[in-house]
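Position 275, counted from 1, in the sequence shown is what our numbering calls 397; the numbers after and before it change by one each time, with no gaps. Think of the CB as a built atom: it goes at the ideal place given N, C-alpha and C, for glycine as much as any other residue. Encoded as structure tokens, the structure appears first; notes follow it.
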Amino acid sequence: MPNASSDDRIETLDVLRGIAIVGTLASNIWIFTINVGSAATPLLPDWIGEVSQWLPNGKFLGLLTIMFGIGLEIQRQSALRGGRTWPGTYPVRAGLLFLDGLINYVFVVQFDVLRAYAVTGLLVAFLLLTSDRVQWWLISVFFALHLTVLVLTSSLTVPPRGEALSLPELSRAARVPTEDGGYWSLVNSNLRNIGNAFTIYSEFSTILLMGIPLFLLGGKLYRAGIFRTEGVQLRRWLIVIGLVVALPVDFVLGTYDGGTLSSYSRYGTAPLVALGILAAVAQFYQHRAPGRFAHALGRVGTMALSCYLLQNVLGVVLERTIFQSNVVRTVDPVLGTYAVFAAISGILLAFAALWLRWRRRGPIEHLWVASFKLLVRERRADS
């Protein structure tokens, strides 16, 4: 999630990145808290839990994916303005991002998105060399391919009637480390079965097929002026498509029969809702400056990679320690999950605010940039 250069920086972009990071936590938190309230009698009606899981599911994954596409386009424009060729050194960036994702997958969580974003970004970096007409054609073809594969794979993994898939689907290798066999046993298992992380049934493949058109679309929206004053008509259309049309359909798919169709929501309609969220936020800040809370989210967005990895580490540590206690197992599962989400979100906001007081980038971003500069320097020396 490396950011564009400071010269290209649009404050709303950081706010949107922050919303996407906290939003993905709101979706993944239900996996981390699977033991919270496992032995309790729920205090709240079932529908509150169902709606709470549906609301963030896929929307912020879609938003994060679109933001990656926008970031890629910003990097392309920056390279061209600076007289550099494109994609130039971007493959090095993609390689580092893939390595980050692989480490996250093996040692932290199996619902990592960075590997898919790295491969998608590498492919789209070259696809951006094509004409606008070809890019529209590619967007249409890959969206159709994505939906076809989604229908085929989902039909093979549909749970029994009334039994919802987990968020993200645990059947797609999205497990969190448990105490069975110990942590290092799971790491060893991840390494032995690393091929499963790249099968057609894995979330990696789903995000790859979904990501190519969304990356391209994100770049097109940026070029079309989604963040500029003259983009008001575009923003209105996206708000209608995403929040007026797609959101009700997404609700039906996400909550029907206990969520048995949630994969169609997460990877089908949710990205359309994400377009509406993007447009709504861009429109909201068109004539007003971000307030205090928006600035806090913006700081999370500035160090998005660090915060994404931190929330996963915190979730896994809590799941393996505190959430195994009998006390936690007896609290209401929904209220308990809300509390955990609020706590981790608060840590992310505080961490970002404190860190950026004395550094321009997050800790992982610093390591990432240093590694990138070292690799590029060595590559130029070899040539």
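Give the straight-line distance between the Cα atoms of residue i and residue j, rounded to the nearest whole angstrom.
{"i": "residue 474", "j": "residue 137", "result": "13 Å"}
{"i": "residue 490", "j": "residue 191", "result": "19 Å"}
{"i": "residue 135", "j": "residue 335", "result": "20 Å"}
{"i": "residue 252", "j": "residue 457", "result": "50 Å"}
{"i": "residue 312", "j": "residue 228", "result": "6 Å"}
{"i": "residue 402", "j": "residue 271", "result": "30 Å"}
{"i": "residue 295", "j": "residue 203", "result": "Confidence at residue 295 is low in this model, with a pLDDT of 37, below 50, so its placement is unreliable and the value that follows should be read with caution. Rounded to the nearest angstrom, the two C-alpha atoms are 42 Å apart."}
{"i": "residue 139", "j": "residue 376", "result": "24 Å"}
{"i": "residue 168", "j": "residue 254", "result": "47 Å"}
{"i": "residue 293", "j": "residue 389", "result": "Reliability fails at residue 293, whose pLDDT of 36 lies under 50, so the model's placement of it is uncertain and no value is given."}
{"i": "residue 492", "j": "residue 195", "result": "22 Å"}
{"i": "residue 472", "j": "residue 343", "result": "32 Å"}
{"i": "residue 244", "j": "residue 154", "result": "31 Å"}
{"i": "residue 265", "j": "residue 259", "result": "10 Å"}
{"i": "residue 304", "j": "residue 310", "result": "10 Å"}
{"i": "residue 141", "j": "residue 178", "result": "11 Å"}
{"i": "residue 226", "j": "residue 434", "result": "8 Å"}
{"i": "residue 267", "j": "residue 175", "result": "27 Å"}
{"i": "residue 171", "j": "residue 374", "result": "15 Å"}
{"i": "residue 289", "j": "residue 414", "result": "The predicted model places residue 289 with a pLDDT of 41, which falls under 50 and marks its position as unreliable, so this point remains unresolved."}
{"i": "residue 130", "j": "residue 269", "result": "Confidence is the limiting factor: at residue 130 the pLDDT is only 39, short of 50, which leaves the residue's position unreliable and the question unanswerable from this model."}
{"i": "residue 200", "j": "residue 207", "result": "10 Å"}
{"i": "residue 316", "j": "residue 166", "result": "40 Å"}
{"i": "residue 477", "j": "residue 447", "result": "32 Å"}
{"i": "residue 197", "j": "residue 455", "result": "43 Å"}
{"i": "residue 193", "j": "residue 224", "result": "21 Å"}
{"i": "residue 488", "j": "residue 324", "result": "30 Å"}
{"i": "residue 132", "j": "residue 443", "result": "40 Å"}
{"i": "residue 230", "j": "residue 262", "result": "35 Å"}
{"i": "residue 173", "j": "residue 145", "result": "15 Å"}
{"i": "residue 362", "j": "residue 205", "result": "39 Å"}
{"i": "residue 358", "j": "residue 273", "result": "30 Å"}
{"i": "residue 314", "j": "residue 306", "result": "12 Å"}
{"i": "residue 421", "j": "residue 222", "result": "21 Å"}
{"i": "residue 79", "j": "residue 461", "result": "Outside the displayed span of the chain (123 to 505) sits residue 79, for which this structure offers no information."}
{"i": "residue 286", "j": "residue 499", "result": "With a pLDDT of 44 at residue 286, under the threshold of 50, the predicted position of this residue should be treated as unreliable, though the coordinate-derived value follows. When rounded, the distance between both Cα atoms is 50 Å."}
For the alpha helix (DSSP H) containing residue i, list its first residue and its last residue.
{"i": "residue 368", "result": "Taken as a continuous stretch (DSSP letters only), residue 368 belongs to no alpha helix (DSSP H), as it is neither H nor E."}
{"i": "residue 176", "result": "168 to 176"}
{"i": "residue 195", "result": "181 to 203"}
{"i": "residue 355", "result": "354 to 361"}
{"i": "residue 424", "result": "414 to 424"}
{"i": "residue 211", "result": "Premise fails: residue 211 is in no alpha helix (DSSP H) and is neither H nor E."}
{"i": "residue 245", "result": "236 to 249"}
{"i": "residue 464", "result": "455 to 477"}
{"i": "residue 146", "result": "133 to 154"}
{"i": "residue 306", "result": "305 to 314"}
{"i": "residue 328", "result": "325 to 345"}
{"i": "residue 448", "result": "448 to 451"}
{"i": "residue 405", "result": "392 to 406"}
Is residue j closer than 9 Å to residue i when the C-beta atoms are compared?
{"i": "residue 346", "j": "residue 331", "result": "no"}
{"i": "residue 238", "j": "residue 326", "result": "yes"}
{"i": "residue 398", "j": "residue 368", "result": "yes"}
{"i": "residue 209", "j": "residue 250", "result": "yes"}
{"i": "residue 469", "j": "residue 419", "result": "no"}
{"i": "residue 319", "j": "residue 232", "result": "yes"}
{"i": "residue 338", "j": "residue 246", "result": "yes"}
{"i": "residue 256", "j": "residue 216", "result": "no"}
{"i": "residue 180", "j": "residue 395", "result": "yes"}
{"i": "residue 364", "j": "residue 143", "result": "no"}
{"i": "residue 157", "j": "residue 352", "result": "no"}
{"i": "residue 211", "j": "residue 494", "result": "yes"}
{"i": "residue 151", "j": "residue 459", "result": "yes"}
{"i": "residue 349", "j": "residue 416", "result": "no"}
{"i": "residue 184", "j": "residue 370", "result": "no"}
{"i": "residue 275", "j": "residue 322", "result": "yes"}
{"i": "residue 432", "j": "residue 400", "result": "no"}
{"i": "residue 248", "j": "residue 236", "result": "no"}
{"i": "residue 387", "j": "residue 372", "result": "yes"}
{"i": "residue 497", "j": "residue 308", "result": "no"}
Strictly under 9 Å for the Cβ-Cβ distance: is residue i near chain B by that measure?
{"i": "residue 154", "result": "Protein chains in the displayed structure number just one, and chain B is not present."}
Discussion item. With three or more beta-carbon pairs closer than 8 Å as the criterion, would you say the segment 470 to 490 touches the segment 427 to 441?
Written reply: yes
Task: the segment 369 to 389 contacting the segment 186 to 201, beta-carbon criterion three pairs below 8 Å - done: no
Is the segment 461 to 470 close to the segment 398 to 416, with three or more CB pairs under 8 Å? no
At least three beta-carbon pairs within less than 8 Å, the segment 151 to 164 to the segment 443 to 457
yes
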